[in-house]
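Participant:
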Amino acid sequence: MSRIEAVRGTQDLLPEDTARWQEAERRIRDVLTRYGFGEIRTPVFEHAELFRRSLGLGSDVVAKEMYEFTDKGDRQLALRPEGTASVVRAFIEHSLPQKGGRHKLYYVCPVFRYDRPQKGRFREHHQVGVEVFGNPAPSQDVEVMDLGDAILGALGVSGFERRINSNGDPACRPAYEAALRAFVEGRKDRFCKDCAGYRLEHNVLRVLDCKVEACRAATADAPKLVDHLCDACRAHHETVLAHLRTLGLDVVPDPRLVRGLDYYTRTCFEYVPKDAGQQGTLLGGGRYDGLVELLGGPPTPGVGFGMGLERVLDAAPREPAAPSLAAFVLSTSVDAYPRAFRLAQALRRAGVACELGQEGKSLNSQLRASGSSGAGWAVFVAPGTGSVGLKNLATHVQEDVAEGEVAGRLAPAKP
RNA sequence: GUGAGUGUAGCUCAAUGGUCAGAGCGCCUGGCUGUGGCCCAGGAGGCUGUGGGUUCAAUUCCCAUCACUCACCCCA
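Going by the numbering used here, the first sequence opens with residue 20, and the numbers climb by one from there.
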């Protein structure tokens with residue numbers, strides 16, 4: 020009988036991990052609140068069609084990475100492979116566009132992709148995402164980028180690079196794609212077979228971020244999208260750069276930066292650690308002015324990003340965990356256990372975090388446990404009634420204290 | 001989806017084609033004459049990932065499968 024293990028690419032988080040995750044999430048939510056964002060929660064699964072429509076049939080995510088299934092009612096469903104589509108769906112479904120104004124939403128949730136697992140890549144991972152609807156201004160792009168920066172800062176992550184580019188919009192991108200296609204076609208022999216093949220056919224922009232050395236060399240003098248932007252896109256991009264300077268955010272222009280998803284327009288950005296390998300992208304996002312309309316809503320500008328929590332936590336410094344226990348109650352003999360049990364109950368109800376030596380264990384064993392528990396105090400309980408021994412485990416000083424006074428001595432001061 | 005490496009006690013790792021597969025750490029019990037972190041002694045715990053094959057004999061050789069790690073692809 021073989022035992023059942025966690026599904027490939029998924030992982031369990033044990034208490035030593037969840038303590039760190041909880042602290043990180045607390046800080047993240049704190050920053051988001053300060054930036055005026057409200058949380059949205061959407062289902063983990065949706066109609067598969069939602070993702071097909073928003074990401075595009077040609078995307079890798081839709082083509083081969085979705086966890087799709089049919090439910091008992093014959094619905095074609097999929098576990099969400101990313102967060103934006105669901106948020107846009109809910110945004111439209113609840114008639115938020117009709118309410119006008121600006122909507123700033125965030126989410127923290129698991130997402131699923133059928134990928135081959137490796138360092139920094141899982142089949143289930145967690146994203147913090149933000150989406151802002153209703154504001155076409157360049158400053159909105161920058162507020163979102165600054166927010167990403169603030170979150171990473173709150174988690175102690177440093178040493179990353181902010182890369183930025185503009186993907187243009189439906190008015191100017193087609194002309195650029197034609198120019199790039201002509202460029203590649205003119206020297207097919209200098210590109211790898213993927214680039215000269217289906218990328219040239221289906222998604223020329225992808226040729227720009229091919230990792231093959233020959234392709235990188237061959238595209239060195241390729242036409243750049245930033246040089247082909249229409250006036251509106253160029254103005255937008257330049258204002259974004261100006262606002263970034265205003266806020267003191269250094270960025271690295273990256274003409275090769277192309278988002279893999281079809282709905283991005285104009286600004287796109289990625290924050291990557293300077294020393295990491297290929298799987299290091301901490302956060303990626305950009306503007307998607309056409310998406311709401313694509314999914315059946317009124318034309319509505321949007322901008323946001325998705326941040327991979329596993330990767331961010333991997334890049335964040337590990338801080339020593341604060342001890343969570345105040346006291347450890349030990350029974351000096353089996354007869355004393357009921358009394359120790361009752362004292363532990365009283366302490367816990369009085370607000371003292373305490374642990375109790377296991378029933379039946381030797382005093383020596385209980386002491387070892389108290390030592391490694393991190394508790395500041397040990398309480399020795401002997402059979403009978405009256406006082407108990409209260410020992411400060413750091414100073415080794417022990418004194419007799421009436422049982423009823425222990426809680427008072429250990430309870431945190433009430434405000 | 002492609003390629004490479006790994007899979008032996010809870011953890012980190014040894015070992016050999018052949019009698020009972022080892023160590024350190026951890027864990028349990030005890031001692032240091034009723035109180036922890038040091039030290040000492042003893043103990044529990046492995047069908048050597050799973051399934052086949054070769055062989056008189058396999059943990060060791062071969063195949064498959066699963067998982068993990070790393071890279072490609074793609075992304076967070």
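All C-beta atoms in this analysis are idealised placements derived from N, C-alpha and C, irrespective of residue type, glycine included. If you're wondering where the values come from, they're calculated on a predicted model, not measured in any experiment.
Could you name the residues of the same chain whose beta carbon sits closer than 6 Å to that of Gln385, not counting the 5 residues immediately before and after it, in chain order?
Facilitator: Counted from its first residue, the first sequence places residue 385 at position 366. Cβ within range, chain order: Leu349, Gly376.
Participant: Can you grab the Cα-Cα spacing for the pair Ala340 / Glu35, in whole Å?
Facilitator: Along the first sequence, one-based indexing puts residue 340 at 321. Along the first sequence, one-based indexing puts residue 35 at 16. Taking the straight line from one Cα to the other gives about 8 Å.
Participant: Hey, quick one: how far does the beta strand (DSSP E) through Val398 stretch, first residue to last?
Facilitator: As a working mapping, residue 398 is identified with position 379 in the first sequence. Val398 -> beta strand (DSSP E) spans 396-400.
Participant: How many Å lie between Ala312 and His122 at the Cα?
Facilitator: Position 293 of the first sequence holds residue 312. Position 103 of the first sequence holds residue 122. The sequence given here has Glu at residue 312, not Ala. Whole-angstrom Cα-Cα distance: 16 Å.
Participant: With H, G and I counted as helix, E and B as strand and the rest as coil, what does DSSP make of Val63?
Facilitator: To locate residue 63, count along the first sequence from 1; it is residue 44. Val63 falls in the coil class under three-state DSSP.
Participant: Between Thr404 and Leu382, is the Cβ-Cβ spacing less than 8 Å?
Facilitator: One-based indexing of the first sequence puts residue 404 at position 385. One-based indexing of the first sequence puts residue 382 at position 363. Not in contact: Thr404 and Leu382 (Cβ atoms no closer than 8 Å).
Participant: Our contact map puts Phe324 next to Val149 with C-beta atoms below 8 Å; I'd like the distance itself, whole angstroms only.
Facilitator: Translated into positions along the first sequence, residue 324 becomes position 305. Translated into positions along the first sequence, residue 149 becomes position 130. Their Cβ separation, rounded to whole angstroms, is 6 Å, which keeps Phe324 and Val149 in contact under 8 Å.
Participant: With distance defined between alpha-carbon atoms, name the residue in Pro357, Leu429, Gln364, Leu344 nearest to Cys388.
Facilitator: Working through the first sequence from its first residue, we reach residue 388 at position 369. A quick correction: the sequence has Ala, not Cys, at residue 388. Among Pro357, Leu429, Gln364, Leu344, the Cα nearest to that of Ala388 is on Leu344.
Participant: Let me know if Gly167 comes out buried or exposed under the rule of 16 or more other beta-carbons within 10 Å of its beta-carbon.
Facilitator: Numbered from 1 along the first sequence, position 148 holds the residue referred to as residue 167. By the 10 Å Cβ count, Gly167 comes out buried.
Participant: Roughly how many angstroms lie between the CA atoms of Gly102 and Arg192, to the nearest whole one?
Facilitator: By 1-based counting over the first sequence, the position of residue 102 is 83. By 1-based counting over the first sequence, the position of residue 192 is 173. So the two alpha carbons sit approximately 25 Å from each other.
Participant: Which residues in the same chain as Ala426 place their Cβ atom closer than 7 Å to its Cβ, once the five residues preceding and following it in sequence are excluded?
Facilitator: The residue labelled residue 426 in the question sits at position 407 within the first sequence. Result list for Ala426: Ala365, Leu366, Ala369, Val371, in chain order.
Participant: Around the Cβ of Val9, are there at least 16 other Cβ atoms within 10 angstroms (buried) or fewer (exposed)?
Facilitator: The chain is shown only over 20 to 434; residue 9 falls outside these bounds and no answer can be derived.
Participant: Going by DSSP in three states, Glu180 sits in which element: helix, strand or coil?
Facilitator: As a first step, residue 180 must be located in the first sequence, where it is residue number 161. Strand.
Participant: Identify, in the order they occur along the chain, each residue of the same chain with its Cβ nearer than 8 Å to the Cβ of Glu24, setting aside the five sequence neighbours on each side.
Facilitator: Here the question's residue 24 lines up with position 5 in the first sequence. Contacts found: none.
Participant: What residue does the beta strand (DSSP E) around Asp419 start on, and which one ends it?
Facilitator: Mapped onto the first sequence, residue 419 falls at position 400. Unbroken beta strand (DSSP E) run through Asp419: 417-421.
Participant: Since I believe Phe202 is in contact with Ala241 (beta carbons under 8 Å), could you give me their beta-carbon distance rounded to a whole number of angstroms?
Facilitator: Taking the first residue of the first sequence as position 1, residue 241 is located at position 222. Taking the first residue of the first sequence as position 1, residue 202 is located at position 183. Confirmed, about 5 Å.
Participant: In this structure, how does DSSP classify Ala215 when only helix, strand and coil are distinguished?
Facilitator: On the first sequence, position 196 is the one that residue 215 refers to. Reduced to three states, the DSSP call for Ala215 is helix.
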